[in-house]
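Chains A and B, in that order, give the protein sequences.
Using my numbering, you'd call the opening residue of the first sequence number 228 and step up by one each time.
Using my numbering, you'd call the opening residue of the second sequence number 808 and step up by one each time.
Just so you know, even glycine gets a beta-carbon here, dropped at the ideal spot from N, CA and C.
Quick caveat: nothing in here was measured; it's all calculated off a predicted structure.
One structure is given below, encoded as structure tokens.
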Amino acid sequence: MSDEDILQVTNICKSFGGVQALLNVSFNVQQGEVFGIIGPNGSGKTTLINCITGFIKMDSGKVFYKGKDISYKPPNQIANLGLTRTFQIMRPYYSLPAYKNLIVPLFSPRARRKGGWRGGGKLGDRGTVSIDILEEIGFERDSFVPYKLASSLPTGYLKRLELARCLALRPDLILCDEVFSGLSMSEIASMVPLIEKLQMDGITLVMIEHRLRELFRVASRVMVLNFGEKLTEGIPEKVMADEKVKEAYLGSEKLLDYTFEA
Amino acid sequence: MSTIERRRERLDRGIKVRTEGIYAVSSWEEVTYLVLPRLILIVGLLLLPVLIPSLYWKRVVSIAAIYALLALGFDFLAHFVGLVSLGGAFFIGVGGYTAALLNKSLGLPILLTIPMATLGGALICTLLLLPALPLRGVYFAIVTLMYPLALMRIIEALNIFGGTDGILGVAGFPNRWVEQYLILLIVIFALFGLRRLVNEDIGLVFRGVKDNDQAVRASGLSITLYKAIAVFIASGLGSLGGAYLSHIYMWSGISQFALDFSVIPIAATVIGGGGTLVGPLLGCFFLVPISEWLREFGTLRIVFYSLILMAFIMFRSEGVMVYAQRKYHQFQRWVKV
């Protein structure tokens, strides 16, 4: 493991009853890169994220984050180390306004350590900080949107709220579980610069995606999963040229050609 | 065929801007609009001991206030933390026995036993419920229901703490006025304290646990810790009620583990309106006197009691205070479709 590796995953195995969801999956993520994870439906991508962040106990394997062993730790401890995740099915607090949603992560030990008891340090209280974060992520500050109940927000804003929850923890690494899914083309188009900006801020990103074209715009390396096993890993063009990958996406060749048209 | 020509439109009153919790108050009218309901409640509660002449009904007010503490705890846990607790009897019993034991065996005065039983009882309840905290919904409810039943039988079987006779000769209050006003003030402070708490940052974490506990874990917060804190607060309120009960009756016994203490707060929450905190409180001040008044009918009182509850559940299932708050904060008008 080199010094630049922020995340090192070795031989994760996980089975649900008779189904082998993950089998000996290993990969490294370098500091500052955008790492993509792709694969057909049911290939174990979300399970992989759940195992890394501690939401599911893996059967065997090790996860090192910044050289520290974090395998089998509870999810809240892992999040406090700066390794955060978004959920594919958004999990906002529906009964709270959008900006109050962020007060929960701002109350975590990590955010408190960095922001003091009031949460914002010199910047004010947690409410002010959460409005700042929301503006950064694309909620218009002077509109009503940040003050609306999360239950009344459309999918695009909820996806942003998921990312905002991660940002509130001031993370070093975000595992994004399909942030583009369920969004319209124009919403995706406005999300991509956001991802690029996060990368420029020095945050490492691991992205699970089905929207390959958008993913390849930002990702420097991708890994392909199929039936819980790692098929290949490398730069996007090389990976998509791989015969095994084409086989896994059987019947999707046309889609893949389309991906490189742009 | 008739078509609908008009529909009812509900509008927030102008004073409410942006979101609940942010008010723009600019005139005496608006200040009155906000303060008046609170003032009526506080003054109304404080006038109760003066207005009620008979000693018997004065005692009922104190008992209703104890139930109100339980109902506040229940509503807080159920609607702001997502834990349905049937542990009212458990909290009352633990608090009651702790206060009685502190008073009888250590000879401590009331001034010390009540705070000590509140904190000690809350600690005991929280520690005993700790293994059940990962459970949710009806499973947590069952565990909280088992504890009072189990403790009652343990005390009976082992003949400890006075066995079935209970602990007699616990110190009483100096006079009725102290007894009544102290508990009413405690209830008022508990109500406004909890209402403030659920809108503080830590209260938002509690509400987050209710809405989506996995997201709270992903936010770097331990849900078990915050559930434990919430249970500590609710069981503290219950234990305080229990300690008070022991000192009012100058006795503590296994009937303090009676299921009434678990069930009436829930019924009061149904009637008063869950999630309002003030609703369950008023529900107790309505239900407990009614249940006393119905004593005249002997065993038939259960029938009347059930009828009242059924009527509320069928015709006003949202609860009185949810309805009243909506009427107060919004106005309706008919508009052409």
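{"Query": "Any chance the CB of residue 311 of chain A is under 6 angstroms from a heavy atom of the ligand GDP?", "Result": "With respect to the ligand GDP, the structure offers nothing, as it holds no ligand at all."}
{"Query": "Do you know how far the Cα of residue 1020 of chain B is from the Cα of residue 353 of chain A?", "Result": "20 angstroms"}
{"Query": "Is the CB-CB distance between residue 1043 of chain B and residue 886 of chain B below 7 angstroms?", "Result": "no"}
{"Query": "Which residues, taken in chain order from the segment 1023-1043 of chain B, show a beta carbon closer than 8 angstroms to some beta carbon of chain A?", "Result": "1023, 1024, 1025, 1026, 1027, 1028, 1029 and 1030"}
{"Query": "What residue range does the alpha helix (DSSP H) around residue 1046 of chain B cover?", "Result": "1030-1056"}
{"Query": "If you draw a straight line from the C-alpha of residue 372 of chain A to the C-alpha of residue 394 of chain A, how long is it?", "Result": "18 angstroms"}
{"Query": "State the beta-bridge partners of residue 975 of chain B as determined by DSSP.", "Result": "B:1058"}
{"Query": "Comparing the C-beta of residue 419 of chain A with each C-beta of chain B, is any distance below 7 angstroms?", "Result": "no"}
{"Query": "State buried or exposed for residue 434 of chain A, treating a residue as buried only when at least 16 other CB atoms are found within 10 Å of its CB.", "Result": "buried"}
{"Query": "Anything in chain B within Cβ reach of residue 396 of chain A, meaning under 8 angstroms, just list it in chain order.", "Result": "1026 and 1027"}
{"Query": "Would you give the residue range spanned by the alpha helix (DSSP H) that residue 791 of chain B belongs to?", "Result": "Outside the shown range of chain B (808 to 1144) lies residue 791 of chain B, about which nothing can therefore be said."}
{"Query": "With distances taken from CA atoms, which of B:983, B:1074 and B:1023 is nearest residue 879 of chain B?", "Result": "B:1074"}
{"Query": "So, does the CB of residue 1132 of chain B fall closer than 7 angstroms to a CB anywhere in chain A?", "Result": "no"}
{"Query": "Within 7 angstroms of any Cβ in chain A, is that where the Cβ of residue 868 of chain B sits?", "Result": "no"}
{"Query": "At a CB-CB cut-off below 8 angstroms, which residues of chain B make contact with residue 331 of chain A?", "Result": "1011, 1012, 1015, 1022, 1023, 1026 and 1028"}
{"Query": "Using only the alpha-carbon positions, how far apart do residue 816 of chain B and residue 1135 of chain B sit?", "Result": "15 angstroms"}
{"Query": "Helix, strand or coil, according to DSSP, for residue 818 of chain B in the structure here?", "Result": "strand"}
{"Query": "Do the segment 317-326 of chain A and the segment 376-392 of chain A make contact, defined as three or more Cβ pairs closer than 8 angstroms?", "Result": "yes"}
{"Query": "What residues from chain B crowd round residue 322 of chain A, counting only those whose CB sits closer than 7 angstroms?", "Result": "1014 and 1018"}
{"Query": "Alpha carbon to alpha carbon, how far is residue 1131 of chain B from residue 955 of chain B?", "Result": "35 angstroms"}
{"Query": "Excluding the 5 residues preceding and the 5 following residue 1139 of chain B in the sequence, name in chain order all residues of the same chain whose CB lies nearer than 6 angstroms to its CB.", "Result": "815 and 817"}
{"Query": "Could you round the C-beta distance between residue 1088 of chain B and residue 875 of chain B to whole angstroms and report it? I think they count as a contact, below 8 angstroms.", "Result": "5 angstroms"}
{"Query": "Starting from residue 1008 of chain B, find everything on chain A with Cβ-Cβ shorter than 8 angstroms and list it in chain order.", "Result": "330, 333, 334, 346 and 353"}
{"Query": "Kindly list, in the order they appear in chain B, the residues whose Cβ is closer than 9 angstroms to that of residue 311 of chain A.", "Result": "1025, 1026 and 1027"}
{"Query": "Let me know the secondary structure DSSP gives residue 1019 of chain B once reduced to three states.", "Result": "coil"}
{"Query": "Who are the near neighbours of residue 1029 of chain B in its chain, counting only those whose CB is closer than 8 angstroms to its CB and skipping five residues on each side?", "Result": "none"}
{"Query": "Closer than 8 angstroms is the cut-off here; do at least three beta carbon pairs connect the segment 903-917 of chain B with the segment 1037-1055 of chain B?", "Result": "yes"}
{"Query": "Residue 330 of chain A and residue 1018 of chain B - do their beta-carbons sit closer together than 7 angstroms?", "Result": "no"}
{"Query": "Going along the chain, which unbroken runs of the alpha helix (DSSP H) with 4 or more residues stay wholly within the segment 1061-1125 of chain B?", "Result": "1067-1079, 1085-1100 and 1108-1122"}
{"Query": "Going along the chain, which residues of the segment 274-302 of chain A sit with their C-beta nearer than 8 angstroms to a C-beta in chain B?", "Result": "280, 282, 301 and 302"}
{"Query": "Counting pairs of beta carbons, one from the segment 435-450 of chain A and one from the segment 254-269 of chain A, are three or more of them closer than 8 angstroms?", "Result": "yes"}
{"Query": "For residue 437 of chain A, which of A:464, A:457, A:408 and A:431 has the nearest alpha-carbon?", "Result": "A:408"}
{"Query": "Taking 7 angstroms as the threshold (beta carbon to beta carbon), is residue 327 of chain A in contact with chain B?", "Result": "yes"}
{"Query": "Answer with buried or exposed for residue 946 of chain B, where buried requires no fewer than 16 other C-beta atoms within 10 angstroms of its C-beta.", "Result": "exposed"}
{"Query": "By a C-beta neighbour count over all protein chains shown, 10 Å radius and 16 as the cutoff for buried, is residue 401 of chain A buried or exposed?", "Result": "buried"}
{"Query": "Which stretch, first to last residue, makes up the beta strand (DSSP E) that contains residue 253 of chain A?", "Result": "246-257"}
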